[in-house]
Every structure is written in structure tokens, then in C-alpha cells.
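Each residue of the sequence shown is one higher than the one before, counting from 10 in my numbering.
Working notes for the structure below.
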Amino acid sequence: MKAKKNNAFEYLNFGLSFGLTLVITLYLLYKGGAWLDQRLGTYPVFMALGIILALATVFRQLIGEIKELGQKDDQDEHNKT
Numbered sequence: 010m011k012a013k014k015n016n017a018f019e020y021l022n023f024g025l026s027f028g029l030t031l032v033i034t035l036y037l038l039y040k041g042g043a044w045l046d047q048r049l050g051t052y053p054v055f056m057a058l059g060i061i062l063a064l065a066t067v068f069r070q071l072i073g074e075i076k077e078l079g080q081k082d083d084q085d086e087h088n089k090t
């Protein structure tokens, strides 16, 4: 039972971490792009690039974390047998 509880907290932590990373990264790169657009008069070029870069970065990190979590689960299953 304790292993299931720890596993649930691990997934909760994973979800919260992903959500916060997504929101913060999107906000910072959106604002940075909007600032550049305002300075250079290129609205909405850098703002859109900031959003695309933020999404690509966050989902790249998400894929890496999912792979790591899957390897850990596989390792735990292997150790049980």
C-alpha cells in the first residue's frame, strides 16, 4: 500500500511540475517576445516565436521526464521479480 501511495505522490509531483513549468515558461517567453516586438515594431513575430519556443521546450522536457519515469517503473518491476 505504501508503494502505491508514494507512486501517487510521484505522479502528482510530476503533473504539478509540468503545469508550473508550462505556465512560467509560456509567460516569460510570451512577454519577452512581446517586448521585442514593441521595441522593433514587428508585432506579432517574436511573440509567436516565443510561444512556439516555450511549447517546444516544455514538451521536450515532458518527453524526457516521461521516459525517465517509465524507466524507473520498469526498474521497480524488475526488482520485484
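Ideal Cβ placement from N, Cα and C applies to all residues, glycine included.
Assuming the contact rule is C-beta atoms closer than 8 Å, Ala63 and Leu38 should be a hit. Round their C-beta distance to whole Å, please.
Counted from its first residue, the sequence shown places residue 63 at position 54. Counted from its first residue, the sequence shown places residue 38 at position 29. Rounded, the Cβ-Cβ distance is 4 Å, consistent with contact.
Cβ neighbours of Glu74 in the same chain (closer than 7 Å, five flanking residues each side left out):
Counting from one through the sequence shown, the residue named residue 74 turns up at place 65. Phe23, listed in sequence order.
Is any beta-carbon of chain C found at less than 8 Å from that of Ala63?
You won't find chain C in this structure, because it holds only one protein chain.
Closest by CA to Leu35, which one among Lys81, Gln84, Ala65 and Asn88?
Along the sequence shown, one-based indexing puts residue 35 at 26. Comparing Cα-Cα distances from Leu35 to each of Lys81, Gln84, Ala65 and Asn88, the minimum goes to Ala65.
Please name the residue in Ala17, Asn15, Asn16 and Leu29 whose C-alpha comes closest to that of Leu71.
As a first step, residue 71 must be located in the sequence shown, where it is residue number 62. The residue with the shortest Cα to Cα distance from Leu71 is Leu29.
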